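Novice:
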Amino acid sequence: MRLIITHTTLLKLRPVDSSTLTESQKINFPLGSRLIIQNYEDYNSDHYKITLAASLGNGKDKSMVWYVYKPHAAIVFSDREFATVNLSTDSKLNVRSSPSVDSNNVIYQIANHVDVELIECTYNQELWWLAKPLNDEKKAYGWISGKYLKLYTPEGCSA
Numbered sequence: 001m002r003l004i005i006t007h008t009t010l011l012k013l014r015p016v017d018s019s020t021l022t023e024s025q026k027i028n029f030p031l032g033s034r035l036i037i038q039n040y041e042d043y044n045s046d047h048y049k050i051t052l053a054a055s056l057g058n059g060k061d062k063s064m065v066w067y068v069y070k071p072h073a074a075i076v077f078s079d080r081e082f083a084t085v086n087l088s089t090d091s092k093l094n095v096r097s098s099p100s101v102d103s104n105n106v107i108y109q110i111a112n113h114v115d116v117e118l119i120e121c122t123y124n125q126e127l128w129w130l131a132k133p134l135n136d137e138k139k140a141y142g143w144i145s146g147k148y149l150k151l152y153t154p155e156g157c158s159a
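Quick note on numbering: the UniProt record's numbering labels position 93 of the sequence shown as 93, and the sequence is numbered without any gaps.
1) Based on Cα-Cα distance, which residue from ALA54, PRO133, ALA111 lies nearest to ASP90?
2) Give the DSSP bridge partners of ASN94, in chain order.
3) Using the C-alpha atoms, what's the distance from LEU56 back to LYS62?
4) Can you tell which of LEU149, LEU10, LEU21, ASP17 has the C-alpha that lies nearest to the C-alpha of ASN86?
5) Report all residues from its chain with a CB closer than 6 Å to the CB of TRP66; omit the five preceding and five following residues, and keep chain order.
6) Going by CA-CA distance only, name the one from ASN28, SER103, VAL114 that's closest to HIS72.
7) Quick check on the DSSP output: the beta strand (DSSP E) that includes GLU137 runs from which residue to which?
8) Measuring only between beta-carbons, confirm whether ILE4 sits less than 7 Å from chain B.
9) Taking C-alpha atoms, which residue in SER103, PRO99, ASN104 lies nearest to ILE144?
10) Within 10 angstroms of the Cβ of GLN25, are there 16 or more other Cβ atoms? Answer buried if so, exposed if not.
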């Protein structure tokens, strides 16, 4: 399962107003972030209680269990995510060896409207996805900018 951040938000150690928490008891996540979760529950009408696949935080505030504001997150019941390359022109999308814009790190290009499998994301001035074209075993995974993707779930619903 994955937690998808739909608005910039905080993961919190307790489901309380964030102003009452210390800096180490909350973690800021930008729009588009994805986290692998082991479990979740509706804690109350405003928050999900999530159990992550790995601990986040520091020292005594390190935990696998966090709370997230429901209107800022979505739960996807699949570890695989998919997208369609969505360029404004019929140009091609660069696939890079690292999540940054550098003319020396382009490893290949993907045509517009091609479906891709996404396996992980990171944030480096913008959202980047580690991805590769579907049904093309010869292509390696590489980093592509999230701003050129239209995400969808395996069932075809927009995430």
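Just so it is clear, CB atoms sit at the ideal spot from N, CA and C, and this is done for glycine as well. This structure is a prediction, so every number in the text was calculated from the model and none was measured.
Specialist: From the atom records:
1) ALA111
2) GLN109
3) 5 Å
4) LEU149
5) LEU11, ILE50
6) ASN28
7) Where GLU137 is concerned, there is no enclosing beta strand (DSSP E), given that its DSSP letter is neither H nor E.
8) Annotation note: the requested chain B is absent from the structure, which comprises a single protein chain.
9) PRO99
10) buried
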